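Novice: Just add 31 to wherever you are in the sequence shown, counting from 1, and you've got our numbering.
I have a structure here, written as structure tokens, and I will follow up with some questions on it.
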Amino acid sequence: SADIQVDKWVCNNSHSCAWVNPSSNYNYNDISYWLVKVTNKGPDNATGVQITDLLPSGLILTDYYIQMPGSDIWTQYDPSYNNSTGIWTIGNINVNQYAEFNFAALITKTGNLTNWANKTNQTEYD
Numbered sequence: 032s033a034d035i036q037v038d039k040w041v042c043n044n045s046h047s048c049a050w051v052n053p054s055s056n057y058n059y060n061d062i063s064y065w066l067v068k069v070t071n072k073g074p075d076n077a078t079g080v081q082i083t084d085l086l087p088s089g090l091i092l093t094d095y096y097i098q099m100p101g102s103d104i105w106t107q108y109d110p111s112y113n114n115s116t117g118i119w120t121i122g123n124i125n126v127n128q129y130a131e132f133n134f135a136a137l138i139t140k141t142g143n144l145t146n147w148a149n150k151t152n153q154t155e156y157d
């Protein structure tokens, strides 16, 4: 089995992602920054990992970078994320490794916006 943990943060800007109040106030036409971190807590390696993060109405993806497990390289517009379906195909994550998805989105409506990221596939039992 492999315990896959998905954490998501609203960030202050593209370079300062930490636990920030998700109820932060943004305005129409502001750029919001987000970070999704997927960690394998073990005890076994995980395969076939997919995360779904389909942006809701009112958020338009403007830029993103992905860091895959075991890599120190951030890749802009990494093809592992499909903007049309919201599916991020990570694949294999060894124990204690993580992958990160850092993105910016334009806010195009007023009111409350909710953006979720969920694990939607994994070969091993979680």
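Don't be surprised by glycine CBs; every beta carbon is placed ideally from N, CA and C.
Keep in mind the model is a prediction, meaning the values are calculated, not measured.
Under a Cβ-count criterion, where at least 16 other Cβ atoms within 10 Å of its own Cβ denotes burial, should D84 be classed as buried or exposed?
Specialist: In the sequence shown, the residue the question calls residue 84 occupies position 53. With 16 or more other Cβ atoms within 10 Å, it is buried.
Novice: Less than 8 Å separating the beta-carbons of S32 and E131?
Specialist: Here residue 32 is taken as the residue at index 1 of the sequence shown, counted from 1. Here residue 131 is taken as the residue at index 100 of the sequence shown, counted from 1. Their beta carbons are not under 8 Å apart, which means S32 does not touch E131 by this criterion.
Novice: Are I97 and S115 close, meaning C-beta to C-beta below 8 Å?
Specialist: Reading the sequence shown from its first residue, position 66 is the one you call residue 97. Reading the sequence shown from its first residue, position 84 is the one you call residue 115. For I97 and S115, no; Cβs fall outside 8 Å.
Novice: Would you kindly report the start and end of the unbroken beta strand (DSSP E) that includes E131?
Specialist: Numbered from its first residue, the sequence shown carries residue 131 at position 100. Element bounds for E131: Y129 to I138.
Novice: Any chance the stretch 140-150 sits against the stretch 70-77, with 3 or more Cβ pairs inside 8 Å?
Specialist: Because the criterion of three Cβ pairs below 8 Å is not met, the stretch 140-150 and the stretch 70-77 do not touch.
Novice: Could you check what DSSP says for Y112 in three-state terms: helix, strand or coil?
Specialist: As a first step, residue 112 must be located in the sequence shown, where it is residue number 81. Residue state, collapsed to three classes: strand.
Novice: How many angstroms separate the CA atom of D109 from the CA atom of Q153?
Specialist: On the sequence shown, residue 109 is found 78 positions in, with the first residue counted as 1. On the sequence shown, residue 153 is found 122 positions in, with the first residue counted as 1. Their Cα atoms are separated by approximately 20 Å.
Novice: Leaving out five residues before and five after Q81 in sequence, what residues of the same chain have Cβ atoms less than 6 Å from its Cβ?
Specialist: Against the sequence shown, residue 81 aligns to sequence position 50. Closer than 6 Å at the Cβ level, and outside the excluded window around Q81, lie I118, T120, T151 and N152.
Novice: If we count the other Cβ atoms within 10 Å of its Cβ and call it buried at 16 or more, is P100 buried or exposed?
Specialist: Along the sequence shown, one-based indexing puts residue 100 at 69. Burial call: buried.
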